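Visitor: Could you have a look at this structure, given as structure tokens, before my questions?
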Amino acid sequence: MTGFRRAEGQSLVELALASIPEPFASALDEVAIVIDDEPTADQRRENQIEDGDTLYGLYEGVPRTEWGADWAPIANRIILFRLPLEADFADPEELADEVWATVVHELAHHLGIDDARLEELGVD
């Protein structure tokens with residue numbers, strides 16, 4: 003069992019999504035989960051990720067706290083970066099744990115929770 007696929011065919015992402023607690027779980031209906039190999043140069047620059055720093059996931063969209071009456075649908079998505087995750091978490095169980103933590107972290111951003119508050123809550 004290596005990488006994002008388990009021997010029985012169920013992905014680590016599917017397993018992570020199935021075990022996410024509320025209020026995060028209900029927010030999954032509002033975001034797409036995308037897996038890319040690694041962040042683009044634009045994503046790294048826009049999120050101030052310096053050379054040598056690692057990015058496991060990224061939320062792109064409009065947080066719930068910013069929705070308004072004139073809100074137009076914009077694709078909200080969480081991108082998981084497969085290569086950095088697999089490079090740093092060779093053990094399948096540790097990889098599964100980090101995929102779960104990354105999805106919850108990015109869902110929190112969708113709910114309007116910033117990094118400082120996530121750190122206070124212990125979800126960083």
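In this text, residue positions in the sequence shown follow this note's numbering: the first is 3, and each later residue adds one.
Note that beta-carbon positions come from the ideal geometry of N, C-alpha and C, so glycine has one too.
Remember, it's a predicted structure, so these values are computed and weren't measured experimentally.
Three or more C-beta pairs under 8 Å: does that hold for the segment 39-46 against the segment 54-68?
Guide: Contact between the segment 39-46 and the segment 54-68 is established, with three or more Cβ pairs separated by less than 8 Å.
Visitor: Return the chain-ordered list of same chain residues with a C-beta closer than 8 Å to the C-beta of R79, the five sequence neighbours on each side being excluded.
Guide: V33, A34, I35, V36, Y61, E62 and G63
Visitor: Who are the near neighbours of V15 in its chain, counting only those whose CB is closer than 8 Å to its CB and skipping five residues on each side?
Guide: F6, I35, I37, L82, V101 and V105
Visitor: Along the chain, where does the beta strand (DSSP E) that runs through A34 open and close?
Guide: A34 to D38
Visitor: Report the residue from P86, S13 and L113 whose alpha carbon sits nearest the alpha carbon of D39.
Guide: P86
Visitor: In chain order, what residues of the same chain have a beta carbon less than 6 Å from the beta carbon of E108, not counting five sequence neighbours either side?
Guide: G59, Y61 and I80
Visitor: In chain order, what residues of the same chain lie with their CB nearer than 7 Å to the CB of F91, ignoring the 5 residues before and after it?
Guide: L97 and E100
Visitor: Taking its Cβ as the centre, do 16 or more other Cβ atoms sit within 10 Å of R84, making it buried, or is it exposed?
Guide: buried
Visitor: What does the alpha-carbon distance come out to for the pair P65 and D93?
Guide: 33 Å
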